[in-house]
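This note's numbering numbers the first residue of the sequence shown as 363 and each following residue consecutively.
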Amino acid sequence: NLPRRSSAGIGLLSRRGGGGGGGGPMQSAILDQGLNLVKDAIAADNAGEYQRALDLYIRSIQYFMHEVRHSKNEGLKATLKQRVAGYMARAETLKEAVSTGTKPGSGPGAAAAASAAAAARGTGASAQVQSDEKAQAEAEEDQNFDLREELANRVGLASVKSQMLELEHQLALDKRRREVNPKLPPTKFPHLLFRGPPGCGKTSMARLIARALRKLGILEKGHLVEVQRADLVAGHIGQTALKTQAVIESARGGVLFVDECYRLSHGGANDFGPEAVHEIMSVMERGDPCMIFAGYDDEDMDHFIETNPGLYRRIHQVFTFPSFSIDELAKIIMIKVEKSGYKFEPALDRAEAVSRLLETHTSPEQRGRMNGGIADHILRNAKRHLDSRLAVDAPVEELLTYSASDLIRACADVPIPPGAAATLETSSGGAVAAPLGMVSAS
C-alpha cells in the first residue's frame, strides 16, 4: 500500500511493528492520523504540490510528536523520532523552496538529518554519563547537607528562606506519612516559579532545593540542569519539540531550571517558543523532573504567565526574591573577601564602613540592576587596582590587603546601566549626578 518513493527519500512508517517493542498492530488514533497525513504529504510532494506537502508534513510531525510524548512503546518512540527527523528535514527543504520559488532537491537533506539525529543521540549518551557521574559526586557531598544551616550562611532573602524551609518541612512530613502507610501515593515533585531581579540568588537557591529534594528521596539524582531559551528553541520546523524533549530527559530525576523563561513568549506569531512551553507542560503532570521557572518580577513575567495559563496552573508555589539592601551587599562583599583569602585594611573591617562606601560611590541604579552581582564586579576591579600599586616584592601583608582607595576606584569602574544617570552620594549627603569614572579616589 505504500506510494512510490517520494522525493524526500524517507518512505512511510508501517502500521505494524513500529520498529520493535511489541510488534502488534498500532491502535492509536493519533498515530493513524499522523500516518494518513504523511502519506498525503508524500503524495503531494511527488505531485509537485510543495506548499500543500509542507503543510501536511508539519501537521503529521505534530501528531507523531504527540505519540512520542505519550507512547509507552520505546521501540515505536525510537522509530518515530528517527523518521520525524527526516520529515523535518524535508519540510525545511520545501519551506526554503516555496519561499524562493525554486524546485526542492531530494535525498541528501533527509540523509543529513538522519546523520545529525544519530550524532545527537551519541552526544546525548555522553552527556548522560557525565550527568550520572556528577550526580554521584553530589550525593556523596550531601551526606551532611542541612538546608537550614546552608540558608543561615546566606545573606538576606528572609522571606525566601522561610518559604524554602516550610516547603522542606511539608515534604519531610509527606515522606514520613508514606513510611507509616505505604499505600499513600508518592509525593509529586513540586514545580516552582522564581521572580526577582538579576543577581538576587535565584540559581543558587535552586541548587539548594535540588539537594534538599534529593536528601528527602523525592529526587533520584538531584542534579540541576540550567537552560535558557536557546537551549530549548530551534530555528526549524519540529526541531524545538525534539530539542526540548532531550533537555527534559537530561533533567529526569533532578531539577530543570528554566532561566529567563519569559523569553519563550517573546518571539512573535511564527516563533517556536510556545512549542517548547507545550513540551514542558506535557511532562509537568508526571512530576519528573521538578521544574523551576525563573525571571524578573516585571511585566514580561506577567505576560508569560498570562499567555501560558496551563503552565501556571501546574506551578505549586511562587517565590518572590527581593533586592539586596546596601547593608546586605556590604556583608556579601566582606564574606567574599574573607573566603578568597584577602582582607580589608582596618578602616574597612566593619560592614558599616563598607556599606557607607557603597552608598557614597555607587548609584541606586547600579545596585538595583546588579544586586549581588555588583560584589563580584567591585572585587574584580579592586584586585586590579591593588595589583597596579604594588611591587612584586611587596610585603606579604600588603599583597593580601585591600585599601579604601582600591575599593573606591573599583566602584568607579562599575558600569553605568544603559539609560540611567549614575547618582552619587557625596560624603556631606548631597546628591551629585556624574560619570563614575570621574569620581575621586582620595
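Ideal Cβ placement from N, Cα and C applies to all residues, glycine included.
S422 and T565 have their alpha carbons spaced roughly 38 Å apart.
The C-alpha of R731 is placed about 12 Å away from the C-alpha of S687. Going by DSSP, Q679 is part of no alpha helix (DSSP H) but of the beta strand (DSSP E) stretching over 679-682. Distance between S685 and L519, taken at the CA atoms: about 8 Å.
Across the structure, L554 and A405 are spaced so that their CA atoms are roughly 47 Å apart. Secondary structure at K434: coil, using DSSP grouped into helix, strand and coil. For the options L691, A715, L748, L456, the alpha carbon positioned closest to that of Q728 is the one of L691.
In the DSSP assignment, the residues bridged to L586 are V617. Per DSSP, C773 lies in no beta strand (DSSP E); the unbroken alpha helix (DSSP H) holding it starts and ends at 766-774.
Nearest C-alpha to I677 among M643, S767, K701, P708: M643. Contact between the stretch 649-661 and the stretch 537-556 is present: 3 or more CB-CB pairs across the two stretches fall below 8 Å.
Judged by DSSP in its simplified three-state form, K705 adopts strand.
For R557, the enclosing beta strand (DSSP E) begins and ends at 554-557. Counting the other CB atoms within 10 Å of its CB gives E661 a total below 16, which places it among the exposed residues.
Here the alpha carbons of V680 and N670 stand approximately 15 Å from one another. Per DSSP, F666 is not a residue of any beta strand (DSSP E); the alpha helix (DSSP H) it occupies stretches across 661-669.
Annotated three-state conformation of A451 is helix, per DSSP.
Taking C-beta atoms as the reference points, Y764 and E707 count as a pair closer than 8 Å.
Taking the Cα positions, A744 is about 46 Å away from A603. Look at I688 here: in three-state DSSP terms it is helix. Pairing D621 with Q590 gives a Cβ-Cβ distance under 8 Å. Below 8 Å, too few C-beta pairs join the stretch 532-552 and the stretch 696-704 to call them touching: fewer than three.
In the DSSP assignment, I778 falls outside any alpha helix (DSSP H) and carries neither an H nor an E. Beta-bridge pairing by DSSP links A656 to F556. Assignment of beta-bridge partners to T763 by DSSP yields K705. In the structure shown, F426 falls within a helical segment according to DSSP collapsed to helix, strand and coil. The alpha-carbon of S612 is positioned some 17 Å away from that of R573. Per DSSP, A596 lies in no alpha helix (DSSP H) and is assigned neither H nor E. Around F619, the same chain offers A568, L586, E588, I654 as residues with beta carbons nearer than 6 Å, after the five sequence neighbours per side are excluded. Taking 8 Å as the cut-off, the Cβ atoms of M526 and L513 count as close.
Per DSSP, reduced to three states, the secondary structure at V517 is coil, with no helix or strand assignment. With fewer than 16 other Cβ atoms from the protein chains shown falling within 10 Å of its own Cβ, Q532 counts as exposed. In the three-state DSSP reduction, R539 falls in the helix class (H, G or I).
Residue state for D508 is assigned as coil, using DSSP reduced to three classes.
Taking the CA atoms as reference points, L509 sits about 23 Å from I695.
In terms of CA proximity to C773, H747 leads the group H747, E759, E760, A753.
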